[in-house]
Amino acid sequence: MKVLFAASEATPYLKTGGLGDVAAALPKALSDDPDAQVRVFLPYYKAIKDNPQLSVQYVTHFFLPLSWRSVYAGVFQATTGRDNLTYYFIDNEYYFYRDQPYGYYDDGERFAFFSKAVLEALQHLDWYPDVIHANDWQCALIPVFLRAFYMGLEAYRPIRTLFTIHNIEYQGKAPNSFVDECLGLPEDWRATMEYDGCTNLMKAAVLVSDRVSTVSRTYAHEIQNPYYAHGLHEVLRAHSYKLSGVVNGIDTQQFDPAHDPMIHVNYTAQDPAGKGANKRFLQQKLGLEVRDDVPMLIMVTRLVGHKGLDLVQAVMDDLMWDERQMVVIGTGEGQYEDLFRHYAARFPHKMSANLVFDDALARQAYAGGDLVLMPSKQEPCGLTQLIAMRYGTVPVVRETGGLYDTVPPFNPETMQGRGFTFKTYNAHDMLDAVRRAEALFRDPPRWDALRRADMAYDSSWGHSVQEYWQIYRSML
Ligand code: GLC
């Protein structure tokens, strides 16, 4: 089967969040099937173009119509060492040769261009996929343009589309004038494109795609509910017949404490003793007190509201006064950066604020930490808890989305479960879950058993990739 995977980011080319990991690991897992042909399309961002470590070659170029504009689109490619997996990059310096991948006033136009160029490129590559798997609002126009402009062409007609929602908070909204001025869609598309007084790209993709999925089973239910759906619940409810939830995996070769070259000492589930050395290394590196007997709570997260940082803020004093160390890694909203900076200055031996995006440090924290905190208000899947478990760091999570699906609550009676959880979005419930986890930390034999169970959990793509194949096949 031929699969075109379209996304706005993928490691190692560009990553700002979990989507970047998924858009690398999932195509790779799909290409494990020798009968599959997988091609991933990304924008040719400045960061990719200017990175001398990446080897990218020119393939072709053409001009494409975008409403009244005629715009240049280049196609470049990178090989991956696998014959059946290729990355393509859509070039246009006006749109993508900028310092950041997102966050510009014309993002709508930029990704409209990208989406149309992906479809147009197929004629020039003379390669037509069976399935296009489009991800998030940046690629939401691919199924729309396919229907509106390409279905009349014989070669495009059999193509089926799966649209995956990685986060429903970001829908791609624009004024209604966008539909004809920028997209050049005929008048009869207006009703499909419009929602709640504006153009909503995600809504349109849900309507026109053959199937829709999201990144965990629980999130697939949650987004049919107003608390989680950011206004789209009725749309998702009406299309629930074609909606599925497939939980993300991680690249278990890349994230492997037995071989990870970035951590201080490698270790395995059979012999997790190396975790202690990693903890001491991290304490030293970050200027924390070097002690084995104090629990270390880590957070590796974008510092944005829906990650539950207001809960952390509400009980920050309690978190500092108890016997524990805290390590925060991530960047984001100023108010949260200030919060952690402030507490790190007040409690330098207990709290370390690293307001950076630093992959090596993150891995060292997964290796050295005891607990990882994810009190998210919403979490479509979450990858941090999966990586943490693989490194033997026990999750403390709110029961939502993928956190609910991957971290069943630990029961000290039966020794079943993988972490500590709380349900209500409440700061003291979170604090209580942290304290319950730390009570177990002070019971080394049982703590050790839980840690081993977490490390043994299979977070690979193995199972989920089969679910994607099933969805793809169901469309043909
Ligand atoms: C988004 C979601 C996150 C998910 C990731 C990959 O970043 O917020 O929960 O793991 O996409 O699907």
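Each step along the sequence shown adds one to the number in this note's numbering, with nothing skipped, and position 246 is 301. Just so you know, even glycine gets a beta-carbon here, dropped at the ideal spot from N, CA and C.
Taking contact to mean 3 or more Cβ pairs, one atom from each stretch, closer than 8 Å, check whether the region 382-390 and the region 404-412 are in contact. Contact holds: three or more Cβ-Cβ distances are below 8 Å.
Does the ligand GLC have a heavy atom nearer than 6 Å to the CB of His-518? As a position in the sequence shown, residue 518 is number 463, starting the count at 1. Taking the Cβ of His-518 as the reference point, every heavy atom of the ligand GLC lies at 6 Å or farther away.
If you count every other CB in all the chains shown that lies within 10 Å of the CB of Lys-478, and 16 or more means buried, which is it? The sequence position of residue 478 within the sequence shown is 423, counting from 1. Counting Cβ neighbours within 10 Å, Lys-478 comes out exposed, since fewer than 16 surround it.
Please return the same chain residues whose Cβ sits closer than 6 Å to the Cβ of Ala-324, not counting the five positions on each side in sequence. In the sequence shown, residue 324 corresponds to position 269, counting from 1. Closer than 6 Å at the Cβ level, and outside the excluded window around Ala-324, lie Arg-507, Met-510, Ala-511.
Quick one, which of Arg-94, His-361, Arg-335 has its alpha-carbon nearest Val-558's? Examination of residue 558 is not possible in this model, given that the chain is present from 56 through 531 alone.
Please tell me whether Ala-65 and Ala-80 are closer than 7 Å, where the distance is taken between their beta carbons. Counting from one through the sequence shown, the residue named residue 65 turns up at place 10. Counting from one through the sequence shown, the residue named residue 80 turns up at place 25. Going by C-beta atoms, Ala-65 is not nearer than 7 Å to Ala-80.
Could you check if Pro-435 belongs to the surroundings of the ligand GLC, using beta carbon to heavy atom distance under 6 Å? Counting from 1 along the sequence shown, the entry for residue 435 is found at position 380. Yes, Cβ of Pro-435 sits closer than 6 Å to a heavy atom of the ligand GLC.
Integer-rounded CB distance, given that Glu-249 should sit under 8 Å from Asn-231: As a working mapping, residue 231 is identified with position 176 in the sequence shown. As a working mapping, residue 249 is identified with position 194 in the sequence shown. Separation of the CB atoms of Asn-231 and Glu-249 is rounded to 6 Å, and the pair is thereby assigned contact status at 8 Å.
With distances taken Cα to Cα, identify the nearest neighbour of Asp-138 among Asp-414, Val-355, Arg-94, Ala-313. Along the sequence shown, read from residue 1 onward, the residue named residue 138 stands at position 83. When only C-alpha atoms are compared, the closest one is Arg-94.
So, is Phe-118 buried or exposed, given that buried needs 16 or more other C-beta atoms within 10 angstroms? Within the sequence shown, residue 118 is the residue found at index 63, counting from 1. Exposed is the call here.
Beta-bridge partners of Cys-253, as assigned by DSSP: For this step, residue 253 is matched to residue 198 along the sequence shown. DSSP, once it has assigned bridges, lists Tyr-250 as partnering Cys-253.
Coil, strand or helix - Ser-268 by DSSP: Translated into positions along the sequence shown, residue 268 becomes position 213. DSSP places Ser-268 in the strand class (E or B) of the three-state scheme.
To the nearest angstrom, how far is the alpha carbon of Met-444 from that of Asp-460? Within the sequence shown, numbered from 1, the residue matching residue 444 stands at position 389. Within the sequence shown, numbered from 1, the residue matching residue 460 stands at position 405. Roughly 14 Å between the two C-alpha positions.
Please report the residue range of the alpha helix (DSSP H) in which Pro-198 lies. Walking along the sequence shown from the start, residue 198 turns up at place 143. According to the DSSP assignment, Pro-198 belongs to the alpha helix (DSSP H) that extends over 196-200.
Val-345 beta carbon less than 7 Å from that of His-294: Looking up residue 294 in the sequence shown gives position 239. Looking up residue 345 in the sequence shown gives position 290. Not closer than 7 Å, so no.
Over the uninterrupted alpha helix (DSSP H) stretch that includes Ser-431, give me the two end residues. Mapped onto the sequence shown, residue 431 falls at position 376. Ser-431 -> no alpha helix (DSSP H), and no H or E assigned at all.
In whole angstroms, what is the alpha-carbon distance linking Val-355 and Pro-500? Position 300 of the sequence shown holds residue 355. Position 445 of the sequence shown holds residue 500. One C-alpha to the other measures close to 27 Å.
Mapping the DSSP letters down to three states, classify Gly-158 as helix, strand or coil. The count along the sequence shown starts at 1 and reaches residue 158 at position 103. Three-state DSSP puts Gly-158 in coil, outside helix and strand.
Is it the case that the CB of His-285 approaches a heavy atom of the ligand GLC more closely than 6 Å? The residue given as residue 285 occupies position 230 in the sequence shown. For the ligand GLC, not one heavy atom lies less than 6 Å from the Cβ of His-285.
Could you compute how far the alpha carbon of Gly-437 sits from the alpha carbon of Ser-271? Sequence index remark: in the sequence shown, residue 437 carries index 382 (1-based). Sequence index remark: in the sequence shown, residue 271 carries index 216 (1-based). About 9 Å.
Answer with buried or exposed for Ala-422, where buried requires no fewer than 16 other C-beta atoms within 10 angstroms of its C-beta. By one-based count along the sequence shown, residue 422 stands at place 367. The residue is buried, with at least 16 neighbouring Cβ atoms inside 10 Å.
Provide the residue(s) that pair with Tyr-305 in DSSP beta bridges, ordered along the chain. Sequence index remark: in the sequence shown, residue 305 carries index 250 (1-based). According to the sequence displayed, residue 305 carries Ile and not Tyr. Among the bridge pairs identified by DSSP, Ile-305 is matched with none.
On the three-state DSSP scale, how would you describe Leu-341? Here the question's residue 341 lines up with position 286 in the sequence shown. Three-state result, Leu-341: helix.
Does the distance from the CB of Tyr-160 to the CB of Asn-147 come in under 7 Å? Here residue 160 corresponds to residue number 105 of the sequence shown, with the count starting at 1. Here residue 147 corresponds to residue number 92 of the sequence shown, with the count starting at 1. Cβ atoms of Tyr-160 and Asn-147: not closer than 7 Å.
Here's the rule I'm using: 16 or more other beta-carbon atoms within 10 Å means buried, otherwise exposed. How should Gly-517 be labelled? Numbered from 1 along the sequence shown, position 462 holds the residue referred to as residue 517. Flag for Gly-517 reads exposed.
Extent of the continuous beta strand (DSSP E) run through Asp-146: Here residue 146 refers to the residue found at position 91 of the sequence shown. 140-146 is the span of the beta strand (DSSP E), which, as asked, contains Asp-146.
Is Lys-210 helix, strand or coil when you go by DSSP? For the purposes of this step, residue 210 is taken as residue 155 along the sequence shown, with counting starting at 1. Inspection of the sequence shows that residue 210 is occupied by Ala rather than by Lys. Here Ala-210 sits in helix by DSSP.
Leu-240 to Asn-321, Cα distance in whole Å? The residue you call residue 240 lines up with position 185 of the sequence shown. The residue you call residue 321 lines up with position 266 of the sequence shown. Taking the straight line from one Cα to the other gives about 55 Å.
Measuring alpha carbon to alpha carbon, tell me which residue in Gly-342, Gly-300, Gln-193 is nearest Phe-41. Given that the chain is displayed from residue 56 to residue 531, the structure contains no residue 41 and the question cannot be resolved.
By a C-beta neighbour count over all protein chains shown, 10 Å radius and 16 as the cutoff for buried, is Pro-450 buried or exposed? Here residue 450 refers to the residue found at position 395 when the sequence shown is read from its first residue. Answer is buried; the Cβ neighbour count reaches 16.
Under the criterion of a Cβ to heavy atom distance below 6 Å, does His-221 qualify as lining the ligand GLC? Numbered from 1 along the sequence shown, position 166 holds the residue referred to as residue 221. Distance from the C-beta of His-221 to the nearest heavy atom of the ligand GLC is below 6 Å.
Could you tell me which residues DSSP pairs with Phe-117 in its beta bridges? Here residue 117 is taken as the residue at index 62 of the sequence shown, counted from 1. DSSP output for Phe-117 lists Ala-128 as bridge partner(s).
Considering only residues of the same chain and omitting the five flanking positions on each side of Tyr-391, which have a CB-CB separation below 6 Å? Walking along the sequence shown from the start, residue 391 turns up at place 336. Leu-358, Leu-364, listed in sequence order.
Burial state of Arg-401, where buried means 16 or more other Cβ atoms lie within 10 Å: Here residue 401 is taken as the residue at index 346 of the sequence shown, counted from 1. Its Cβ having fewer than 16 others within 10 Å, Arg-401 is exposed.
Three-state secondary structure assigned by DSSP to Ile-103: Residue 103 sits at position 48 when you count from the first residue of the sequence shown. Three-state result, Ile-103: helix.
State the Cα-Cα distance for the pair Leu-121 and Glu-236, rounded to the nearest angstrom. Residue 121 sits at position 66 when you count from the first residue of the sequence shown. Residue 236 sits at position 181 when you count from the first residue of the sequence shown. As the crow flies, the alpha-carbon of Leu-121 is around 9 Å from that of Glu-236.
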